[in-house]
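If you're matching positions, the sequence shown starts at 40 in this note's numbering and goes up one per residue.
Ideal placement from N, C-alpha and C gives every residue a C-beta, glycine not left out.
Taking it in order: structure first as structure tokens, then the write-up.
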Amino acid sequence: MSINRQKNYAWFRMGFEIVLVALLGVALFSKPTERHINKASWHNQVVYFVPTDQKVAALTFDDGPDPRFTPTILNELDKLGVKATFFMIGKQMEEYPDIVQDVIKRGHAIGNHTYTHPHDIEADTRTQVITELEECEKVIEKMTGSRTYLFRPPRGLVDGTVFTVAEDEGYRTILWTVCADHHDAPTPQAMAIRVLHHMRPGGIILAHDGTFSSRWKDVEATPLIINELKEQGYRFVTVPELLDMAKEPPTQLADGRR
Ligand SMILES: [Zn+2]
């Protein structure tokens, strides 16, 4: 090897080593991105709200689809240009597939609310909980063409078994910041005031579009809640959109649950 070639080779090696050390430094000392932190830290977390500086809110409806209420709620949401998230019961989906298709067509998100909506899922065995989630998931996949990673346990009941089954099945357990339905809010107006009172940026609102005949109150409260919050500068997003906006891992905050 000539002296020149040897020199070139030495320079090349030095350059190579500098790049290698620089890359190692970046790998060792750089902070992970926010997204990285979120994804990693969200395990072992029940989501009650999503920490964000943006004035955003996620409106969610449980227990549908129900022909008495869901279509009217869908029309209200369309009129006001709001996308929401519907946590559906698998059995109800099978009974009212057209409503499910309407929910999808209008751009709303769908979450798993179990197959039969057991009254006390915490009393169920691990196998029963798995069946509840998987049977509902099958219906969701069949009707929407994709799976969901959102799970809301019936009545917000989450013990260790329910939570770990949800985690193992690839779900994020989503509860809520404020429930519009509450014994201290007997009218649609009172429900809207209740939501306003407990709301915060990144908050999740629970309302219902099924099961009880009293859900007409949720139907009437929906535009009131939306308009009041819009006046406060809020804009509405779906739960998947909200999760993407987190600037740090979600922490717990509850208004006293249901
Ligand atoms: Zn429910």
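C-alpha distance - residue i paired with residue j, whole-angstrom precision
i       : j       : result
Ile-243 : Phe-88  : 6 Å
Leu-282 : Thr-166 : 29 Å
Thr-298 : Val-278 : Here the chain has residues from 40 to 297 only, and residue 298 is not among them.
Asn-266 : Val-217 : 17 Å
Gln-271 : Arg-191 : 27 Å
Lys-144 : Ala-219 : 26 Å
Ala-246 : Arg-194 : 12 Å
Val-142 : Asp-117 : 11 Å
Ile-128 : Ser-252 : 17 Å
Glu-180 : Val-139 : 12 Å
Glu-259 : Leu-189 : 26 Å
Pro-90  : Leu-196 : 23 Å
C-beta contact flag for residue i and residue j at 7 Å
i       : j       : result
Glu-134 : Val-178 : no
Thr-200 : Val-168 : yes
Val-276 : Val-86  : no
Phe-126 : His-156 : no
Gly-249 : Asp-102 : yes
Thr-164 : Ala-148 : no
Leu-172 : Glu-206 : no
Lys-122 : Gly-150 : no
Asp-198 : Glu-161 : yes
Buried/exposed call for residue i, threshold 16 Cβ in 10 Å
i       : result
Asp-105 : buried
Lys-256 : buried
Leu-268 : buried
His-222 : exposed
Arg-254 : buried
Arg-274 : exposed
Does the pairing of the stretch 109 to 118 with the stretch 220 to 239 give three or more beta-carbon distances under 8 Å?
No, the stretch 109 to 118 does not touch the stretch 220 to 239.
Is it a yes or a no for the stretch 175 to 187 touching the stretch 218 to 228, going by three-plus beta-carbon pairs under 8 Å?
Too few Cβ pairs lie closer than 8 Å, so no.
Quick check for students: name the residue ranges of the beta strand (DSSP E) that lie wholly in the stretch 230 to 283, counting only runs of 3 or more.
Fully enclosed beta strand (DSSP E) runs of 3 or longer: 242 to 247 and 274 to 276.
Identify every run of the alpha helix (DSSP H) within the stretch 73 to 132, keeping only runs that are complete inside it and at least 4 residues long; order them along the chain.
Runs of alpha helix (DSSP H) with 4 or more residues, each lying fully within the stretch 73 to 132, are found at 73 to 80 and 109 to 118, listed in chain order.
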